[in-house]
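2 protein chains.
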Amino acid sequence: MNALLYLSEGKLEYKKIPVSDTPEADSIRLKVAYCGLCGTDMHIYRGQMDSRVTTPHVLGHEASGVVEAVGRNVNEISVGRRGVVMPLRPCGECPACEDGLSHICHRLKFIGIETPGALQEYWDVPAYSFLPIPETLSLKHAALIEPLAVACHDVRLGDVRAGQNVVVLGAGPIGLLIAMVAKHKGANVILSEISESRVQLAKKLGFDVVNPRTTDLIPYVNDKTNQVGADVVFEVTAHSSGAEVMTALPRCRGRIVVVGIFAEPVKVDLKRFFRRELQLCGARVYEREDFTQAIRLADAFPLDALITDVFDLPQAPEAFAYLAGANRAMKVLIRRDETIKE
Amino acid sequence: MNALLYLSEGKLEYKKIPVSDTPEADSIRLKVAYCGLCGTDMHIYRGQMDSRVTTPHVLGHEASGVVEAVGRNVNEISVGRRGVVMPLRPCGECPACEDGLSHICHRLKFIGIETPGALQEYWDVPAYSFLPIPETLSLKHAALIEPLAVACHDVRLGDVRAGQNVVVLGAGPIGLLIAMVAKHKGANVILSEISESRVQLAKKLGFDVVNPRTTDLIPYVNDKTNQVGADVVFEVTAHSSGAEVMTALPRCRGRIVVVGIFAEPVKVDLKRFFRRELQLCGARVYEREDFTQAIRLADAFPLDALITDVFDLPQAPEAFAYLAGANRAMKVLIRRDETIKE
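Chains as they are written, first to last, in numbering that gives the first Met the number 0: chain A, 0 to 341; chain B, 0 to 341.
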């Protein structure tokens, strides 16, 4: 079968690789339909995660597809079932796993990082990682379930309630999905984004969006909240400017959810935490309930608006080069081939 | 009457100041017994808070005493009542006050900073700030109620439970009091402190204490917690080294309470919040329930061990100079005069 392989920094190859006759006993084989490209895939592509991947490495983890075959121990998943993959492989033994927090397992492996990913024609994954989707959900939209589950997790940890004021710093795919989930919960959402094309997209989706390069975000949020401040702030930029402004926005005892992955320690105004008794929590990937919520919500969400580009698998190298450049790309999907229906 | 006045950086004067015939209508007049010196008093003494105080300024806010007189609107407090002062003056109108969080009022005034403090023979304070103490509690120990209330507040916001593993970074007066309150809640407490005299004092009180200059704190905490990590970490150093280590110690979904007041933003490893879904909250002063809890707990606590020195009011300038130096001082009390019984 054909696969997209990461070889080394900036080097990808689309080529034939061998495939076993059947999936392993506890695995299923998914005929991949769509796979979204994510920031993590771009980090791997740029050579920033060479310590975690074994080359040649098959990229991708935001996939939808149809079950092609099941391993001999798999009884509850039928061939032909449409679904998505929750790409986590916890160890099952560490203190976090023992506490039922396997998504933050001390030795968490990520399917598509430490093991082969979805940018191939068939993807063998552990049966427990497969979640079926309803017939009403297209395979194309289903490729966005994984990032939507991230957003569901973030909003859940942020404890967002109806009527609350929420600020999302960064309107990339995750930021926009967080905004959608928070809005669905009944919150008033303000987005902050420096890219003008993303500002326009968020506006088209009906959001209140500020470009902090042209509008001072802090007084804007204070004015919109009657000088109270935001109930919940989501930091999705992973940039020092986000870490700086995030503490200035919340109300007394307001909450900050750190979603962006900061490669290095950054300066944070801890005095502001003292002054307003702010709370901050980190949020990582998702738990199973977030995936099922994402599947439940997906139909009602304008996911099409996020999908700016679709490439077929043979053209995946061009898709990476395109996404690495500066352009209006939001979510780029890779389609297995032209036989795949939406 | 006599008072200790702060004039300017490093300059204090003990002198006679006028006193009105009676306290204002809604105030009481306390005959001060003891007043503890606190880090904030030292900041004022060093000229670091000149923008907040009006000179000449009467210092001090950790006081105990006996009601000498009451204003004409005060009916529920009798002359002769022994008690302490919760030195907060909220505005009553801001969003925090509206939310019942008057201790983090947007325009909070601190009695003893923005208004005259307790280092005088008689101290007029709003009646609402006075809390009576039981006969069993000495006036000397009662001078530690204010910092003990800080500790009660911190431990409450840290949601410390019996059997949990708690790390306190910094074993000054507040750190030690937090350790005592956490231990009282049934937690296993590890203290980290770089001053050898403070290490010895904490050891004498029966605590597990580490000097991080000679013992690596992170493996120490991991070993003591079976590689799980701490449930709650209290950052009480206000030093960048504390901000650095605080994120390395908690278990998955563990909590950090920031107690130390960081003058400047410091580097924080936000990635660790992501990795373990850590939580952090700031804690500021106390609410009324913390003061009443402190009064309830004080009798059972070895507060004497914290009081390293007592000076009489006329010698208060020497007490400040002494506390500003490097020595074994923990809590320094100022006694009104030798007629004051403990």
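Glycine included, each C-beta is placed from N, C-alpha and C at the ideal position. Computed from a predicted structure; not experimentally measured.
Members of the segment 265-291 of chain A near chain B, C-beta cut-off 9 Å: For chain B, the residues of the segment 265-291 of chain A that bring a beta carbon within less than 9 Å of one of its beta carbons are Val265, Lys266, Val267, Asp268, Leu269, Lys270, Arg271, Phe272, Phe273, Arg274, Arg275, Glu276, Leu277, Gln278, Leu279, Cys280, Gly281, Ala282 and Arg283, in chain order.
Nearest-angstrom Cα separation, counted from A/Leu118 out to A/Asp0: The question names Asp, but residue 0 of chain A in the sequence shown is Met. Cα to Cα, A/Met0 sits roughly 11 Å from A/Leu118.
Is it true that the segment 148-158 of chain B meets the segment 298-313 of chain B, where meeting means three or more beta-carbon pairs spaced less than 8 Å apart? no
When you compare each of B/Met179, B/Glu134 and B/Ile193 to B/Gly169 by their alpha carbons, which one comes out closest? B/Ile193
Delimiting residues of the alpha helix (DSSP H) encompassing A/Arg197: Glu195 to Lys203
Enclosing alpha helix (DSSP H) for B/Leu176 [first to last residue]: Pro172 to His183
Any chain A beta carbon closer than 8 Å to B/Arg252: yes
Report the rounded CA-to-CA distance for B/Arg160 versus B/Arg250, giving the unit in angstroms. 15 Å
Per-residue contacts from B/Pro172 into chain A (C-beta, under 8 Å): Residues of chain A passing the Cβ test: none, with the nearest at roughly 17 Å.
Answer yes or no: do A/Cys280 and A/Val309 have a C-beta to C-beta separation smaller than 8 Å? no
State the DSSP-derived secondary structure class of A/Glu8, mapped to helix, strand or coil. coil
Which same chain residues end up closer than 6 Å to A/Phe300 when comparing Cβ atoms and leaving out the 5 residues on each side of it in sequence? Met179
Excluding the five sequence neighbours on either side, which residues of its own chain have a C-beta within less than 6 Å of the C-beta of A/Ser101, listed in chain order? Answer for A/Ser101: Pro89, listed in chain order.
Any contact of the segment 70-89 of chain B with the segment 23-31 of chain B, i.e. 3+ C-beta pairs under 8 Å? yes
For A/Phe261 and chain B, any beta-carbon pair shorter than 8 Å? Yes, because at least one Cβ of chain B sits closer than 8 Å to the Cβ of A/Phe261.
With burial defined as no fewer than 16 other Cβ atoms inside 10 Å of the residue's Cβ, what is the status of B/Lys270: buried or exposed? buried
Just by C-beta distance, which residues in the segment 96-128 of chain B are closer than 8 Å to chain A? Asp98, Leu100, Ile103 and His105
Alpha carbon of B/Ala32 to alpha carbon of B/Thr246, nearest angstrom: Cα to Cα, B/Ala32 sits roughly 42 Å from B/Thr246.
Rounded to the nearest angstrom, how far is the Cβ of B/Leu176 from that of B/Gly111, given a contact under 8 Å? With a contact defined as Cβ atoms closer than 8 Å, B/Leu176 and B/Gly111 miss out at about 19 Å.
Cβ of B/Ala304 within 8 Å of any chain A Cβ: no
7 Å Cβ shell around B/Glu276 - same chain, five flanking residues per side excluded: Cys251 and Arg252
Top-ranked residue by Cα proximity to B/Leu130, from B/Ala318, B/Arg81, B/Tyr121 and B/Cys93: Comparing C-alpha distances from B/Leu130 to each of B/Ala318, B/Arg81, B/Tyr121 and B/Cys93 shows the shortest one belongs to B/Arg81.
contact_flag[the segment 235-244 of chain A, the segment 132-144 of chain A] where n(CB pairs < 8 Å) is 3 or more: At 8 Å Cβ cutoff, the stretches do not touch.
Given 8 Å as the limit, is there contact between the segment 259-270 of chain B and the segment 189-208 of chain B, that is, 3 or more CB pairs closer than that? no
On the premise that B/Tyr44 lies in contact with B/Cys319, defined as a C-beta separation below 8 Å, what is that separation, rounded to the nearest angstrom? At residue 319 of chain B the sequence reads Phe, which differs from the Cys that was named. Yes, B/Phe319 and B/Tyr44 are in contact; Cβ-Cβ is about 5 Å, under 8 Å.
If B/Asp298 sits next to B/Leu138, beta carbons under 8 Å apart, how far is it from one beta carbon to the other, in whole angstroms? Contact doesn't hold; Cβ gap of about 13 Å is too wide.
Closer than 8 Å by beta-carbon distance: list the chain B residues that pair up with A/Gln226, in chain order. Pro94
Should A/Val257 be flagged as near chain B, meaning a C-beta pair shorter than 8 Å? Closer than 8 Å: yes.
Beta strand (DSSP E) segments (min. 3 residues) lying fully within the segment 48-114 of chain A: 61-69 and 81-84
Spatial neighbours of B/Ala293 in its chain, beta-carbon cut-off 6 Å, leaving aside the 5 residues before and after: Ile144, Leu147, Ala148 and Cys151
What did DSSP end up calling A/Gly35 once you bin it into helix, strand or coil? Annotated three-state conformation of A/Gly35 is strand, per DSSP.
Tell me the residue span of the alpha helix (DSSP H) that contains B/Ile144. Ile144 to Leu156
Assign A/Gln47 to buried or exposed, taking buried as 16 or more other Cβ atoms, counted over all protein chains shown, within 10 Å of its Cβ. exposed
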